[in-house]
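Participant: Submitted below is the structure of interest, expressed as structure tokens.
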Amino acid sequence: MSELFKDLSQAIYDGDAEKAVELAKSGIDAGVKPNELIDNGGVDGLERLGTAFNEMEAFLPELMLGGEAMKAMLDYLMPFMAKDDSSSAGTIVVGTAQGDLHDIGLNLVATQLAVAGFKVVNLGTDITVKEYIAEAKKNDADIIGISSLMTSSAYYQEELLKRMIQEGIRDNYKVVVGGGPITPQWTKDIGADGYARTAVQAVDLCKRVMTEDLSEALIIE
Amino acid sequence: MASVKKIVQMMERVKDGPACTTADWDYKIVPGTVREMLKKYDLAKTYNPETPVNQDMELADRFFEAGLELAATIGLHCTDTETQIIFSKEEILEALRDAPSELVLGVGKDRRILKSRGVEDKVEPLYCTSLSIQIDEELYIPLVQGLVGRPNIDILQGPSIDTVFGIPAFADSPFETAAGLREAKLRAEALWRAGRPDMPQMCLSSSTTHFAFLSGYPMIHRPENPAIGIALQPAELKTNYSNFHKVLMVAGYGGILRSGVTSMIGGYSGPQEGTVIANIASDILQFALLGADISNSSMYDVRKNSACCRNALWAMSMSVQATSRNTHTILDKIINQSAGPCTKDILYTNMAGLVTTGVSGMELTTGPRSAGGAKRNHITPLEAYFSADVFKASAKLSLEEANELVLYGLTKYEDTVDNQPAGKSFYDCYDIDTLQPSDEWKRMDDEVREDLRNRGLSI
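First to last, the protein sequences are chains A and B.
Here our numbering is used: the first residue of the first sequence is 1340, the next is one more, and so on.
Here our numbering is used: the first residue of the second sequence is 739, the next is one more, and so on.
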């Protein structure tokens, strides 16, 4: 079985979505539990990619392709996970606020969250408040993540929360914020559930807002 | 600057170009072709940490050839139309020949000549301040008045505002349009108070999308003192419709176009060597796509959020040298770093970045990017004056002397380059009424200047 995990890890590392799904299928056929395939194969591959990224052996395209391969494998495994009584870490819709076209930080966060087992719906850049809410409803999300590299776009973080209160859906979703000019104070002022400074910290943030009973905004910096 | 007609023709070419998804562009076309160029020109693993200021001119020329071939092979991608814009090598070379080698900016005592430079060029480069760091609206006039308070500041870009009369300036909305109008008015007032109403201007800082630009640019541009329009592309080797709005505006008014984008080491083009190739291609494609007057394609390492880590310095020196030696185009690369005002870190990191690019042949820089541009009100005139002096002094250095200075600078900040101190805000280290730095900040500036003078920098 360790050979299967090794091959699966390599398929994720190589960003080969087709092979990752094929190997996951053979694992399921052989009776391996989905969460074992994810933890010992997929997550291992992405963790190796993360190390390679930090050591200048892999770069953003490889990281993104690895994330895509992981997503394809998770999509395949999802129906079996229900039978196995396992569940993903949660569903998050992420994007940058209206007017903000910067995608690299967003893509890093989306990839890190996928690595950690979240189902990530990456909406991309320049997303309106209406689109965030519509996509959160459509995907039955647990968390909405909204980032901005500029304060003039960050205002839409506050608008999103206001709109959710107006529509009576504020308690349906956790809202986490991030981006260069975003501060802990801003996070608290607008009533968001949490803030993280880096992509890696965003994973810890999302895990904790999903599981902890927080009385105030969770700040990780 | 290209005519409106040429820009419109280019837009049609963009719209009707070969289909290409952004995902294919990011994951396959850019990284794949960059890898091919690295192999074909034998450029992989050529980074030399001992020479953050590159000393090998044959290598720089090889990088230029690779960048030119990359540009002529894949061209650019438009994210709105999801198409590719292909240029022939001849077309690119013609655009480079047509690019201006000299621009006359400003009027009267503030007239400046922005002239093409080469490696180790003795002509002093020009300094534009500052980057579009967000500040409180009420701070705009005193801060800008201070920023342009010395003649070594050649061009004003200035900080940005994100409120209009205290009301949030929502991006991509009429509030942003209002911010453009407001910034233009505040600029005029600040320059009048500083006694420099005719100095060259680069604009517009508060333009998150194109709306503030469309409203503010016509208020700043004058036929006798054409404004430099900032048209930032969405990402490396990409363009979009929002940028074309700005470009058309500049072309229509007869202004000066500065266009480009930041290349990220570790990003889509891979390691520092790949990023140098993509950065060269980004620079030269600004001239082919838009008939730009100035290319503004900066670089930094995405892992360290800095252009002043050792490998990024090397990459910037290589890219500037390559383009300076092989074209007469005018380049403006920004020194990205994350230290803020009232720290010695910002002075040493800016010194390293500006000496690297200045001696390599860069004509213009815009800065400083105090506190990485991420901290509100974290910018003061003092680091702008320091940076301008250093950049101009780089014209007196040889490549070897510059390398020694940069290696020394690295000893001061390299260990903490990815987590530099944000320092203090304008409120906390400047007297806003007298526009003088605090004793603490002034002392730091004096000490670093003396240290660098002792090491051969004429500031």
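Glycine included, C-beta positions come from ideal geometry on N, C-alpha and C.
Given the structure is predicted, the values throughout are model-derived calculations rather than measurements.
Near D1543 of chain A, which residues of its chain fall below 8 Å by C-beta distance, leaving aside the five closest residues on each side in sequence?
Facilitator: Answer for D1543 of chain A: A1535 and I1559, listed in chain order.
Participant: Tell me which same chain residues have a C-beta within less than 6 Å of the C-beta of T977 of chain B, skipping the five on either side of it?
Facilitator: The answer, listed in chain order, is L814, C816 and Q971.
Participant: Since F1419 of chain A contacts P1373 of chain A with CB under 8 Å, what's their CB separation in whole angstroms?
Facilitator: Yes, they are in contact, since the Cβ atoms of F1419 of chain A and P1373 of chain A sit about 5 Å apart, within 8 Å.
Participant: Taking 6 Å as the limit between beta carbons, can you name the residues of its chain near Y1168 of chain B, skipping five residues before and five after?
Facilitator: Once the five neighbours on either side are set aside, the close Cβ partners of Y1168 of chain B are T1118 and P1175.
Participant: Can you tell me whether DSSP reads N1478 of chain A as helix, strand or coil?
Facilitator: Residue state, collapsed to three classes: coil.
Participant: Might you give, ordered along the chain, the residues of its own chain that have their beta carbon closer than 7 Å to the beta carbon of G887 of chain B, omitting 5 neighbours on each side?
Facilitator: Only A932, P1119 and L1173 meet the Cβ criterion.
Participant: What did DSSP end up calling T817 of chain B once you bin it into helix, strand or coil?
Facilitator: Of the three classes helix, strand and coil, the one that applies to T817 of chain B here is coil, per DSSP.
Participant: Would you identify the three-state DSSP class for G1225 of chain B, choosing helix, strand or coil?
Facilitator: Chain B is shown from 739 up to 1197; residue 1225 of chain B falls before or after that span and cannot be answered.
Participant: Would you mind working out which of B:E807, B:K860 and B:Y779 sits nearest S1132 of chain B, comparing C-alpha positions?
Facilitator: Closest option to S1132 of chain B, Cα to Cα, is B:K860.
Participant: Using 8 Å as the threshold, is the region 790 to 804 of chain B in touch with the region 836 to 853 of chain B, meaning 3 or more CB pairs across them?
Facilitator: The answer is no - the region 836 to 853 of chain B does not touch the region 790 to 804 of chain B, with fewer than three Cβ pairs under 8 Å.
Participant: What runs of the alpha helix (DSSP H), each 4 residues or longer, lie entirely inside the region 753 to 815 of chain B?
Facilitator: Runs of the alpha helix (DSSP H) inside the region 753 to 815 of chain B: 768 to 778 and 795 to 812.
Participant: If the cut is a Cβ gap below 9 Å, which residues of chain A does Q872 of chain B touch?
Facilitator: Correct list: M1489, T1490, S1491 and P1520.
Participant: Whole angstroms are fine: how far does the CA of L1385 of chain A sit from the CA of D1424 of chain A?
Facilitator: Low per-residue confidence applies at D1424 of chain A: pLDDT is 48, beneath 50, and the placement is therefore not dependable, though the value from the model is reported in the following sentence. About 24 Å.
Participant: Pick helix, strand or coil for Y1006 of chain B, following the three-state DSSP scheme.
Facilitator: Coil, per DSSP.
Participant: For A1493 of chain A, count neighbouring Cβ atoms within 10 angstroms of its own Cβ and tell me buried if that reaches 16, exposed if not.
Facilitator: Its Cβ being crowded by 16 or more others within 10 Å, A1493 of chain A is buried.
Participant: List the DSSP bridge partners of D1169 of chain B.
Facilitator: According to DSSP, which records beta bridges pairwise, D1169 of chain B is partnered with B:Q1174.
Participant: Determine the direct distance from the alpha carbon of I1073 of chain B to that of M1089 of chain B, and round the result to whole angstroms.
Facilitator: Rounded to the nearest angstrom, the two C-alpha atoms are 10 Å apart.
Participant: Please list the segments of the beta strand (DSSP E) lying wholly inside the region 1055 to 1126 of chain B, counting only runs of 3 or more residues, in order along the chain.
Facilitator: 1102 to 1104, all fully within the region 1055 to 1126 of chain B.
Participant: Kindly indicate the opening and closing residues of the beta strand (DSSP E) around K1501 of chain A.
Facilitator: It is not in any beta strand (DSSP E) - K1501 of chain A instead sits in the alpha helix (DSSP H) that spans T1490 to Q1505.
Participant: Identify the contact partners of G1437 of chain A in chain B, using a Cβ-Cβ distance below 7 Å as the criterion.
Facilitator: The sequence as given places Gln at residue 1437 of chain A; Gly does not occur at that position. Here the neighbours are A909 and D910.
Participant: With DSSP as the reference, label Q822 of chain B as helix, strand or coil.
Facilitator: Here Q822 of chain B sits in strand by DSSP.
Participant: Short of 8 Å Cβ to Cβ, which residues in the region 1442 to 1460 of chain A face chain B?
Facilitator: Per Cβ criterion, the list reads D1442 and I1443.
Participant: Can you name the start and end residues of the alpha helix (DSSP H) that S997 of chain B belongs to?
Facilitator: Not the alpha helix (DSSP H): S997 of chain B falls in the beta strand (DSSP E), residues I994 to G998.
Participant: For E803 of chain B and E858 of chain B, I'd like the C-alpha separation in whole angstroms.
Facilitator: Taking the straight line from one Cα to the other gives about 21 Å.
Participant: To be precise: take each residue of the region 1000 to 1032 of chain B, compare its Cβ to all Cβ atoms of chain A, and keep it if any distance is under 7 Å. Which residues remain?
Facilitator: Hits within the stretch, in order: M1002, G1004, G1005, Y1006, G1008 and P1009.
Participant: Residue range of the alpha helix (DSSP H) that R850 of chain B falls in?
Facilitator: From DSSP, R850 of chain B is part of no alpha helix (DSSP H) but of the beta strand (DSSP E) over R850 to K853.
Participant: In angstroms, rounded to a whole number, what distance separates the CA positions of G1484 of chain A and A1473 of chain A?
Facilitator: For G1484 of chain A and A1473 of chain A, the distance between alpha carbons rounds to 14 Å.
Participant: Which residue or residues does DSSP assign as beta-bridge partners of P906 of chain B?
Facilitator: In the DSSP output, where bridge partners are listed per residue, P906 of chain B has B:T901.
Participant: What does a CB cutoff of less than 6 Å around S870 of chain B pick up in its chain, not counting 5 residues either side in sequence?
Facilitator: Result list for S870 of chain B: S898 and S943, in chain order.
Participant: To the nearest angstrom, how far is it from the Cα of I1529 of chain A to the Cα of E1497 of chain A?
Facilitator: Roughly 5 Å between the two C-alpha positions.
Participant: Please go through the same chain and pick out, in chain order, the residues whose beta-carbon is closer than 8 Å to the beta-carbon of E820 of chain B, but skip the five residues on each side of it.
Facilitator: So the list reads A757, C758, T759 and T760, once near-sequence residues are dropped.
Participant: Q1437 of chain A by DSSP, collapsed to three states: which one?
Facilitator: Reduced to three states, the DSSP call for Q1437 of chain A is coil.
Participant: Using a Cβ-based criterion (distance less than 6 Å to any ligand heavy atom), does N1446 of chain A qualify as near the ligand GDP?
Facilitator: Inclusion of the ligand GDP in the displayed structure is not the case, the ligand content being empty and no account of it being possible.
Participant: Among A:I1377, A:V1514, A:E1396 and A:V1371, which one has its Cα closest to the Cα of A1359 of chain A?
Facilitator: Considering only alpha carbons, the answer is A:I1377.
Participant: Taking 7 Å as the CB-CB cut-off, is M1395 of chain A touching chain B?
Facilitator: It does: the Cβ of M1395 of chain A has a partner Cβ on chain B nearer than 7 Å.
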